[in-house]
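First up is the structure itself, then whatever we jot down about it.
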Amino acid sequence: MLQDGCSARDRSDAPGWAQCPGWERCPRQERCPGWAQCSGVGAMPWVGAMSWGGSNVQGGSKCPRVGVMFQDGCNYQGTVWFSRFKGREAAHFMNLLRYDAMALGNHEFDEGVSGLLDPLLKNVNFTILSANIKAKTPLGNEMMKYVHPFKIVRFGSEAVGIVGYTTKETSFLSNPGNDVIFEDEVEAVQLQVNKLTAMGINKIIALGHSGFTVDKTIAQKVKGVDVVIGGHTNTFLYTGRPPSSEQPAGPYPFMVQADDGRRVPVVQAYAYGKYLGFLNLLFDEKGNVIEAEGNPILLDSSVPEDEHIKEEVEKWRKNLGNYSEEIGKTSVYLNGTSQACRFQECNLGNLLCDAALYENVRHPNGKEWNHVSMCILNAGAIRSAIDEQSTNGSITMEDLLSVLPFGGRFDVVTLKGSTLKEAFEHSVRRHGRGTGELLQVGGIHVVYDLSKAPGSRVVSIDVLCTACRVPAYEPLQMDQIYNVTLPSYLLFGGDGYEMLKDKNLGYSKGDPDIEVVSRYLQRMRRVYPALEGRIKFSGGSLIQGSFTLIAILFTLTSWTFNFCL
1 MLQDGCSARD RSDAPGWAQC PGWERCPRQE RCPGWAQCSG VGAMPWVGAM SWGGSNVQGG
61 SKCPRVGVMF QDGCNYQGTV WFSRFKGREA AHFMNLLRYD AMALGNHEFD EGVSGLLDPL
121 LKNVNFTILS ANIKAKTPLG NEMMKYVHPF KIVRFGSEAV GIVGYTTKET SFLSNPGNDV
181 IFEDEVEAVQ LQVNKLTAMG INKIIALGHS GFTVDKTIAQ KVKGVDVVIG GHTNTFLYTG
241 RPPSSEQPAG PYPFMVQADD GRRVPVVQAY AYGKYLGFLN LLFDEKGNVI EAEGNPILLD
301 SSVPEDEHIK EEVEKWRKNL GNYSEEIGKT SVYLNGTSQA CRFQECNLGN LLCDAALYEN
361 VRHPNGKEWN HVSMCILNAG AIRSAIDEQS TNGSITMEDL LSVLPFGGRF DVVTLKGSTL
421 KEAFEHSVRR HGRGTGELLQ VGGIHVVYDL SKAPGSRVVS IDVLCTACRV PAYEPLQMDQ
481 IYNVTLPSYL LFGGDGYEML KDKNLGYSKG DPDIEVVSRY LQRMRRVYPA LEGRIKFSGG
541 SLIQGSFTLI AILFTLTSWT FNFCL
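Residue numbers for the sequence shown follow full-length UniProt numbering, so the first one is 1 and each next one is one higher.
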């Protein structure tokens, strides 16, 4: 198995997590009995077939099969499982699933390099890949002992090269510190492909975690790459009528015209272990892909669970503690999906900001009714929705940890109005790509015009006054000083918000975000946040999310190749 980095949710209890349709397709049944295990620990699995020597293969359907399993990353973060076990669960279950290789994702660095070394890197029994990470410190050097730029998988006389890559944005999306640096993916992958080509290997897969745009760029620019397996944006690709609610961002596989004239298939398989990606590939004798077809397979209740993995899940679940106790109720769907929160106002973002502001309500003084009236929250911090219908309106600590898995704080920062405006320009500089910068807000009304150039898209910002007896919205003043509550992640420059780190006039530490929201829910007892027009787009310029994303994820995607020899 190969892994592309970031599951963003190590969803060990996700639907289909220990399921795999068509286990009889197991390429090496002696090492993956039942091979229904292939989708474990929240994986988005993928199965495929490769054939070569087209003149000897009739559709690849009658060839004997051997195979490998790939995983495209991000096994850290996302649910109470990671909050409790900090990666031990990922190492344990991935070892049981017998992956062949995994590419590192950004969330693998959320606990720093030391939190990646142990328990994951030192304890897995498969190859960890990334070609574009370089060490800067002794700790980084120790980490790189366990990380390889490529792996060669041999099948008789045939060899396939697997080159890994990790998003270069990890430095500000996660917490790698100064121990490692992340270089340009295209240049790093090309360097390793050149090495493999010089060794006589002409079938090369790029396996990584940088997002669909970078995946397509690698397919176009890197000479010698035959297939790209990606993650990070959790893009759903499908040919034909999709089997569930996800709307495809394009056909599966997505074919990219390379600069050297070849057509290179690019695949992703959404997130949360919901789909098993399936791709058939036919190579000619020179190693060129001459046929690529397939589709993700929905892992629904019709797929039998693997009993051994199921037993292991239950065994580990006993050590989770009591995270199922109700802390509040909701009367409405709390929309924390990426296609909502990363593109426009979402009601779960409103709820989280309201909770942060409620936490900071103090007694009024002679000049102000409160010291802070504004909240900003990056959409990438919101990792899950809460479905009031499936939970009968109940909100548990496990639900909150799925929404806010990163263990941050809600701090209060002092800023000039001009710095806040700069932050809002950054919020939409890449709008429409599904990145996590878009700011959800409280105590703020902001209007954007996306037809303008990045850096000039803010039309207006109105903020709730504090030096007033009756709170009302007033235009943001560039030279005025404001207090704003925000995640500690933003305060220290996360998601590219360097202005909040470099230009703040001081800050005070707050409490952990989970505690803040939990207390708010306990006080409110029942919530029903609405869409209130806090974020607007003028002139019909809103770019809707046309494809399904997470984060987080993060994604955790498994890819199984079956080779016809």
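Quick reminder that beta carbons are idealized off the backbone N, C-alpha and C, glycines included.
DSSP-derived helix/strand/coil call for residue i
i	result
residue 570	Residue 570 cannot be examined here, being either before or after the span of the chain that is shown, 1 to 565.
N75	coil
N141	helix
E388	coil
N504	coil
P45	Note that P45 scores 39 on pLDDT, short of 50, meaning its location in the model is unreliable; the coordinates nonetheless yield the value given after this. P45 falls in the coil class under three-state DSSP.
I189	Checking the displayed sequence, the identity of residue 189 turns out to be Val instead of Ile. Note: V189 maps to helix in three-state DSSP.
E422	helix
T217	helix
N483	strand
F345	Note on identity: in this sequence residue 345 is Glu, with Phe being the wrong assignment. Looking at E345 - three-state DSSP - the assignment turns out to be coil, as it is neither helix nor strand.
F172	helix
M499	helix
residue 613	Beyond the ends of the chain as shown, which are 1 and 565, falls residue 613; an answer cannot be given.
Which residues DSSP lists as bridging residue i, in chain order
i	result
H232	None, per the DSSP bridge assignment.
H209	T166
K151	I162
S460	V447
F182	I133
V124	DSSP lists no partner for V124.
V227	I205
F492	Answer is none; F492 lacks a bridge partner.
C-beta contact flag for residue i and residue j at 9 Å
i	j	result
L490	L377	yes
A131	V189	yes
V413	L500	yes
A381	P487	yes
G73	M102	yes
Y146	K122	yes
I229	A258	no
V292	L276	Reading off the sequence shown, one finds Ala at residue 292, where the question assumed Val. No, these two residues do not count as a Cβ contact at 9 Å.
Q247	C341	no
I162	L117	no
E398	L334	no
P170	F109	Reading off the sequence, residue 170 comes out as Thr, not Pro. In this structure, F109 lies closer than 9 Å to T170 by Cβ.
L521	N350	no
L282	V289	yes
F126	R98	yes
T485	F424	no
D513	L404	yes
K536	H445	yes
L450	Q344	no
V266	K216	yes
G443	C353	yes
G510	V517	no
N295	T235	no
Neighbour flag for residue i against chain B, beta carbons, 9 Å
i	result
S244	Absent from the structure: chain B. Only one protein chain is present.
Problem set entry | 4 or more residues per run - each alpha helix (DSSP H) lying fully within the region 271-335 | The alpha helix (DSSP H) runs lying completely inside the region 271-335 and spanning 4 residues or more are 307-317, given in chain order.
Exercise. Taking the runs of the beta strand (DSSP E) that are 3 residues or longer, which of them lie wholly in the region 428-458?
Worked result: 439-442 and 444-448
Exercise. What are the uninterrupted segments assigned as alpha helix (DSSP H) that are 4 or more residues long and contained completely in the region 505-538, given in chain order?
Worked result: Complete alpha helix (DSSP H) runs here, min 4: 513-524.
For this session: Please list the segments of the alpha helix (DSSP H) lying wholly inside the region 77-122, counting only runs of 4 or more residues, in order along the chain.
Result: Within the region 77-122, the complete alpha helix (DSSP H) segments of 4 residues or longer fall at 80-85, 88-97 and 112-116, listed in chain order.
For this session: Ignoring anything shorter than 3 residues or poking outside the region 365-415, list the beta strand (DSSP E) runs there in chain order.
Result: 374-378 and 394-396
Exercise. Counting pairs of Cβ atoms below 8 Å between the region 88-97 and the region 320-327, do you hit three or more?
Worked result: no
Exercise. What are the complete beta strand (DSSP E) segments, minimum 3 residues, inside the region 240-270?
Worked result: 254-257 and 263-267
Problem set entry | Three-pair Cβ contact test at 8 Å for the region 406-425 versus the region 492-510 | yes
Exercise. Okay, do the region 197-205 and the region 217-229 touch, 3+ Cβ pairs below 8 Å being the bar?
Worked result: Between the region 197-205 and the region 217-229 there are three or more C-beta pairs closer than 8 Å, enough to call the two in contact.
Exercise. Do the region 417-433 and the region 449-467 touch if we need at least three Cβ pairs shorter than 8 Å?
Worked result: yes
Exercise. Should the region 192-201 be regarded as contacting the region 149-158, the criterion being three or more beta carbon pairs within less than 8 Å?
Worked result: yes
Problem set entry | Validate contact between the region 466-474 and the region 451-458 using beta carbons, cut 8 Å, 3 pairs | no
Problem set entry | Inter-stretch contact at 8 Å, needing at least 3 Cβ pairs: the region 304-319 / the region 357-365 | no
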